[in-house]
């Protein structure tokens, strides 16, 4: 009953960081961008472990977005993200035609590894064709 | 009889006037936290809030439907306006920090913080949420009654006393908010086996994306992580419940301070710890805080 008012005022809240269970997988994202002339580009989503200390403090929001993208797998959000990546390669002579968003995951096994031993295999998180309107 | 007692306690707890020194110091810390958060976002401002952002405004509305207090919905669809929004939000955060036009500034800061989060919900963390909710109650608090340009101006005009007293109900609501943060975190963690069997911290310490500075190997040993998982539960429970008992308060605040400083060192969660720690000052007795401030200002004068 009060939820709409809480949402409107910004008083809605949920304190579930690392709960009820923490994130069990290490993961990162990459995208394959295919243009109309069949050029292929690989785009890497910012990875915190590959940034400098200062940069990762500023760019942490990318980690949070990636966490929400991979946990929720909401197609509306993923479509927006794919369109955004396509705009990085918006060459009018060779516009992007398709973007495939890949996730690389490794499951952590408590007490037996450092969470980073297996070579992660790519999995398609989302793929979509890019319309001219998506690039506007 | 009992109801009468409860009513008296309620009245005393929320409305007995006391020095607004705690909420004034909190206002300064809160303003700094908001300003730094906004500055940290600046390099990617248009990526998050611009017309070609990662998640568009229309998608936000579709994924998270419902009416929301979001100034971005009122702005013309132009990156220039979005850039102006940054400077306006920063300006009001600075005004709130120094305590100039405090009431207006606190309303403006809340509107900006709320709008930024409603616009880009999927990249916000717990610290942002706390800023948003605390900002709501700060609007109603006598945050500019001390340590502010407003107070200084009123004193010069002879319109206020040097040490005013105010009802602390809004401050109490922020205190409740902080206690609620810890207690609900504790309850959420109880729902999962990982925190009870002690494996939770293994996952947290091996999550590459949130690591910050290097830690000694012994911290990641089985014994330490298992003990740490349970201690986290105990501390969150204590900071949610036991903090309300005077005899436990200062030791718990000290433990909480050490806990958050460790998290700040170990994990890359920008401003989260500082956002939460800023509210610790609200649990300090106003007389004790005044003594500390007098001691600090005495030392700086000498």
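Protein chains in written order, with the working numbering: chain A, 22 to 157; chain B, 270 to 571. C-beta atoms are modelled at their ideal positions from N, C-alpha and C, and glycine is treated no differently. As the structure is a prediction and not an experimental result, all values here were calculated from the model.
Out of the options, which one is the CA nearest neighbour of residue i?
i                      : options                       : result
residue 156 of chain A : A:103, A:81 and A:67          : A:103
residue 147 of chain A : A:59, A:43, A:120 and A:36    : A:120
residue 552 of chain B : B:398, B:530, B:469 and B:516 : B:516
residue 73 of chain A  : B:390, B:483 and B:317        : B:483
residue 70 of chain A  : A:58, A:48 and A:54           : A:48
residue 28 of chain A  : B:294, B:406 and B:383        : B:383
residue 40 of chain A  : B:294, B:396, B:459 and B:543 : B:459
residue 449 of chain B : B:566, B:405, B:507 and B:319 : B:507
residue 62 of chain A  : A:115, A:30 and A:152         : A:115
residue 532 of chain B : B:435, B:470 and B:466        : B:470
residue 30 of chain A  : B:402, B:283 and B:274        : B:402
residue 547 of chain B : B:302, B:409, B:281 and B:355 : B:302
residue 1 of chain A   : B:399, B:543 and B:475        : Beyond the ends of chain A as shown, which are 22 and 157, falls residue 1 of chain A; an answer cannot be given.
residue 453 of chain B : B:510, B:472 and B:376        : B:510
Does the distance from the CB of residue i to the CB of residue j come in under 7 angstroms?
i                      : j                      : result
residue 498 of chain B : residue 464 of chain B : yes
residue 312 of chain B : residue 84 of chain A  : no
residue 65 of chain A  : residue 51 of chain A  : yes
residue 351 of chain B : residue 101 of chain A : no
residue 413 of chain B : residue 362 of chain B : no
residue 255 of chain B : residue 395 of chain B : In this structure chain B extends from 270 to 571, so residue 255 of chain B is not present and cannot be described.
residue 328 of chain B : residue 97 of chain A  : yes
residue 415 of chain B : residue 293 of chain B : yes
residue 545 of chain B : residue 295 of chain B : no
residue 504 of chain B : residue 528 of chain B : yes
Who does residue i pair with in a DSSP beta bridge?
i                      : result
residue 124 of chain A : A:50 and A:144
residue 117 of chain A : A:56
residue 150 of chain A : A:119
residue 106 of chain A : Per DSSP, none; premise fails for residue 106 of chain A.
residue 62 of chain A  : A:54
residue 287 of chain B : B:435
Nearer than 6 angstroms: is that true of the beta carbon of residue i relative to any heavy atom of the ligand NAP?
i                     : result
residue 26 of chain A : For the ligand NAP, the structure offers nothing, since it holds no ligand at all.
Contact between the region 285 to 303 of chain B and the region 436 to 443 of chain B (3+ Cβ pairs under 8 angstroms): yes
Touch test, the region 110 to 124 of chain A against the region 335 to 345 of chain B, Cβ-Cβ under 8 angstroms, three pairs minimum: no
The region 333 to 342 of chain B / the region 417 to 430 of chain B touching (three or more Cβ pairs under 8 angstroms): no
Three CB pairs or more closer than 8 angstroms across the region 498 to 513 of chain B and the region 91 to 105 of chain A: no
contact_flag[the region 368 to 381 of chain B, the region 409 to 422 of chain B] where n(CB pairs < 8 angstroms) is 3 or more: yes
Inter-stretch contact (C-beta, 8 angstroms, three-pair minimum) for the region 472 to 481 of chain B and the region 530 to 544 of chain B: yes
In chain order, each alpha helix (DSSP H) run of at least 4 residues that lies wholly inside the region 485 to 570 of chain B: 491 to 509, 515 to 535, 541 to 547 and 555 to 570
Runs of alpha helix (DSSP H) lying entirely within the region 407 to 479 of chain B, each at least 4 residues, in chain order: 418 to 425, 438 to 459, 462 to 466 and 469 to 474
Sufficient close CB pairs (3 or more, under 8 angstroms) joining the region 483 to 492 of chain B to the region 429 to 436 of chain B: no
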